[in-house]
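Q:
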Ligand SMILES: Nc1ncnc2c1ncn2[C@@H]1O[C@H](COP(=O)(O)OP(=O)(O)O)[C@@H](O)[C@H]1O
Ligand SMILES: N[C@@H](CCC(=O)OP(=O)(O)O)C(=O)O
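Numbering (UniProt numbering), first residue to last: 1 to 369.
1. How many angstroms separate the CA atom of residue 57 from the CA atom of residue 150?
2. My parser needs the alpha helix (DSSP H) runs of 4 or more residues fully inside the stretch 324-359; what are they?
3. Please classify residue 197 as buried or exposed, where buried requires at least 16 neighbouring CB atoms within 10 angstroms.
4. Does DSSP classify residue 299 as helix, strand or coil?
5. Does ligand 1 have a heavy atom nearer than 7 angstroms to the CB of residue 122?
6. Among 184, 64 and 27, whose alpha-carbon lies nearest the alpha-carbon of residue 236?
7. Hey, could you find the ends of the beta strand (DSSP E) residue 54 is sitting in?
8. Cα separation between residue 97 and residue 89?
9. I'd like to know whether the C-beta atoms of residue 103 and residue 142 end up nearer to each other than 8 angstroms.
10. Grab the span of the beta strand (DSSP E) containing residue 313 for me, first residue to last.
11. Starting from residue 230, follow the beta strand (DSSP E) in both directions and report where the run begins and ends.
12. In chain order, which continuous runs of the alpha helix (DSSP H) of length 4 or greater are located wholly inside the stretch 35-107?
13. Is the beta carbon of residue 10 within less than 7 angstroms of some heavy atom of ligand 2?
14. So, with DSSP's three-state summary, where would you put residue 157?
15. Which residues mark the beginning and the end of the beta strand (DSSP E) in which residue 133 is found?
16. Identify every residue that forms a DSSP beta bridge with residue 293.
17. How about residue 148: is its Cβ closer than 7 angstroms to a heavy atom in ligand 1?
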C-alpha cells in the first residue's frame, strides 16, 4: 500500500468499538483510533470519521434494552448519539462537527452537493466531521441501513483516497472465522465479484454490529470504483493503526480502480437509488447509455412506482435486463399519461415541447452488468 499518497481519508468505526458492552460509551478502544486520527492530521492528512454506536450507546438508558421495537431503537439512537459525540470530542483537542444523514439526503443531487460543500468547508477549517446515519428520523424507505455503505458514500462525497473500516475482526476471511476454524484471511482483493460476496456471512448473533461482512464488501465495491483504496482492519488492536502509519496493510486491502468512474456517474450508480422503473420492450434496440433521447413514450410498456421530476429511475427491458439508471425529467404520473396516449402525434409533440424523458447528464449505464 502507498500511504504517501493519502491526502484525505475516511475512517469508519463500528458499534462494538464504541459501546462494547452496550453499557454506554467506552473510550477503551477509541484511544488508539483517536491517536491515529491525530497523527494523520499532524501529517497534513484530512480525516472524516464515520461513527456507529448511537443505538448501542443509548440502549442502557432504556428499560427494554434488547428491544427490537423500531420506535425504541430510534429513541436509543437519539439518546446515544449525544453520548457518542461527546465521547469522541473529549478525545480531541481540535474541534469536531456532527453530521447526521439519511439516504434521502444522499440520493438527492442538490442535497448531496450541499453535503459535499459542508464536508469540504469543515475540512478546510481543520474541523473533524463525525458522520452517522440520522437513525431517529429514518424509515425503511429513507435509510442507508448500515454505516459500512454510508462510509463509502461519504468517502465518495468527500473525494477521499482511502477508506478504513475498523471492525471487530482482522479483515475479510474466505469464510466466517467464527464458524470455521480453517478460515483464511485475505490480505489483498483486486476484483470484487460474486466469489468475494460468497465468503461473507452476517454479523455475529447477539453481537453489537449491524451488517457483518457483506455490507463491508458492498462498501468496498462502491469505494474502489471511485478510486478509493479500502481497508478492513481490526479496530480493537493498536497494532493495526501503527501498521497503517508505517504504510503496511494490517487487514484486507481492496485495491482502488486505476480509472475511477466520473463523479456524477458514480453517484448515480452507487449512492442514488431508483424511486421507480420505466419498462421498455425486450427487443428495444440501441443503447441509452450512448443516446438517452432514444427513450420516448412510444417505447414504454409500463411505468412502476411513484416518482417526481428529478428522482432517479431505473430503465429496464421487459425481460428484466437493466439498461440505465438516470434522473427522470418527468413525474411517474405524467409519464404514465403520455405512455398510454393512443394519439402518438400528441405524445411526440408533447415530448418535443417538454424535452427528453431522462437526463443524459445524470445517467449511469448498466448495460455491461
Ligand atoms: N468471511 C468473513 N470474514 C470475516 N468476518 C465475517 C465473515 N463472515 C461473517 N463475518 C462476521 O462479521 C463480523 C463483523 O461485522 P459486524 O459484526 O457488522 O461488525 P462491525 O461492528 O465491525 O461493523 C465478524 O465478527 C464476523 O462474525
Ligand atoms: N447508525 C447506527 C449504526 C449502524 C451500523 O451499521 O452499525 P455497525 O455495524 O456497528 O457499524 C448507530 O449509530 O447505532
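Beta carbons are placed, not taken as given, at the ideal position from N, Cα and C, and that holds for glycine.
A: Looking at the atomic coordinates:
1. 19 angstroms
2. 332-339 and 344-354
3. exposed
4. helix
5. no
6. 27
7. First-last for residue 54: 54-58, but that is the alpha helix (DSSP H), not the beta strand (DSSP E).
8. 9 angstroms
9. yes
10. 312-317
11. 229-234
12. 54-58, 70-90 and 103-106
13. no
14. helix
15. 128-133
16. DSSP lists no partner for residue 293.
17. yes
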